[in-house]
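Numbering (UniProt numbering), first residue to last: 1 to 270.
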Amino acid sequence: MLPEIELPELRELEDIIREVAKEEILPRYNKIDFVVKGDGSLLTEADLSTDKRIRQSLAERYPDIDFLSEEMEPEQQEALVKNSEKLWCLDPLDGTSNFAAGIPLFATSLALFVNGVVQIGITYDPLRDEMFSAVKGQGAKLNGEVLKCGESGFDLNKSIAIVDFKRLKPDLVQRLISHAPYKSQRNLGSCVLEWAWMAANRGHLYLHGGMKLWDLAAGTLILSEAEGHACTLEGEDVFRPSMKPRSVLISPDKKLFDQWKDFLIDQEKQ
């Protein structure tokens, strides 16, 4: 029998994330300039200040845990994922483009890896004050209330899908446009919120062509602990302790998930 892992207190982590997000992100909403990073994504002062404060708070309380953030250099990220026994993985502000454009869909997300396994996942939406969280083996919660995925009562052709088209293969995009198996499609523009919303039964289907580690780390645990369903377009588990982007398909509803998965994997083979 494996020894029990001693983890940081979830409530303390939630308090850190909530305090920093409210003090560093919200006051800058609709009031801040941005720059374009090398990969084409946006960066704001809110990203940097949130990253700095959460990193400092975690280092003070948990000095034995290494820290990885979206805002670090790729070489640092690779080394940390490869060599760290315990590792924080932070996305200080996911949905920066929304944030900069005044669209109220963005969040802060933190995960803890222990020996390459996600043990804690937190996603916080500061505008709605919604704290999605999970500890491995202990279920998922939204503001303290249990999250539980289940049957939607919708057929596939009546379902609502959240789809990020820009990272999908062009052939698959065209087939989804011309032969969509769902009724209607949305896109939030924040991967970590999309995971959290799926865990909360907000929407029926989800598809993304390539998420990075900080986009999916907390969400994979939150969804799993809520008993939702996810895999890659190759039918593999989504989470791997790797910097290589991963495709994602999700449904809270097992029947819809199986139909969605069969449709997409069949399309991938064509």
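From the three backbone atoms N, C-alpha and C, an ideal C-beta is built for every residue, glycine too. Values in this document were obtained by computation on a predicted structure and should not be read as measured data.
Checklist entry - Using the C-alpha atoms, what's the distance from K148 back to S133? => result Rounded to whole angstroms, S133 to K148 spans 12 Å at the Cα level.
Next on the checklist: Using only the alpha-carbon positions, how far apart do A218 and P92 sit?
Outcome noted: Looking at the two C-alpha atoms, the distance is approximately 12 Å.
Checklist entry - So what does DSSP say about C191, is it helix, strand or coil? => result Of the three classes helix, strand and coil, the one that applies to C191 here is helix, per DSSP.
Item to check | CA-to-CA distance, D51 to S109, given in whole angstroms | outcome: Answer to the nearest angstrom: the Cα atoms are 11 Å apart.
Next on the checklist: Tell me which residues share the same chain as V238 and place their Cβ nearer than 7 Å to its Cβ, disregarding the 5 neighbours each side in the sequence.
Outcome noted: Leaving aside the five residues that flank V238 on each side, the residues in its chain whose CB is nearer than 7 Å to its CB run, in chain order, L216, T220, A230, C231, T232, R246, V248.
Next on the checklist: Below 8 Å on the Cβ atoms is my contact criterion, and I expect G95 with L105 to pass it. Report the Cβ-Cβ distance as a whole number of Å.
Outcome noted: Going by Cβ atoms, the distance from G95 to L105 rounds to 5 Å, so yes, they are a contact pair.
Checklist entry - What is the DSSP secondary structure of residue 283, counted as helix, strand or coil? => result This structure cannot speak to residue 283, because the chain is shown only from 1 to 270.
Next on the checklist: For G40 and E130, I'd like the C-alpha separation in whole angstroms.
Outcome noted: Low local confidence applies: a pLDDT of 46 at G40 is under 50, so the model's placement there is unreliable, with the coordinate-based value given in what follows. Inter-residue distance for G40 and E130 is about 29 Å (C-alpha atoms, whole angstroms).
Checklist entry - Considering R61, what are the terminal residues of the alpha helix (DSSP H) in which it resides? => result Unbroken alpha helix (DSSP H) run through R61: 45-61.
Checklist entry - How would you write the range of the beta strand (DSSP E) that G150 sits in, first residue to last? => result In this chain, G150 is not harboured by any beta strand (DSSP E), its DSSP state being neither H nor E.
Checklist entry - So, is the C-beta of K31 closer than 8 Å to a C-beta in chain C? => result Protein chains in the displayed structure number just one, and chain C is not present.
Checklist entry - Is it true that the CB of M211 sits closer than 8 Å to the CB of Q77? => result Not closer than 8 Å, so no.
Next on the checklist: Any contact between the stretch 179-195 and the stretch 139-147? By contact I mean 3 or more CB pairs, one from each, below 8 Å.
Outcome noted: Verdict: no, contact absent.
Checklist entry - Which residues in the same chain as K31 place their Cβ atom closer than 8 Å to its Cβ, once the five residues preceding and following it in sequence are excluded? => result Apart from sequence neighbours up to five positions away, no residue of its chain approaches K31 with a beta-carbon distance below 8 Å.
Checklist entry - Using a Cβ-Cβ cut-off of 6 Å (strictly less than) and excluding sequence neighbours within five positions of F67, which residues of its own chain qualify? => result Result list for F67: R55, W88, in chain order.
Checklist entry - What does a CB cutoff of less than 7 Å around P170 pick up in its chain, not counting 5 residues either side in sequence? => result Non-local C-beta neighbours of P170 in its own chain, meaning closer than 7 Å and more than five positions away in sequence, are absent.
Next on the checklist: In whole angstroms, give me the CA-to-CA distance for D266 and F257.
Outcome noted: Their backbone Cα atoms lie some 14 Å apart in a straight line.
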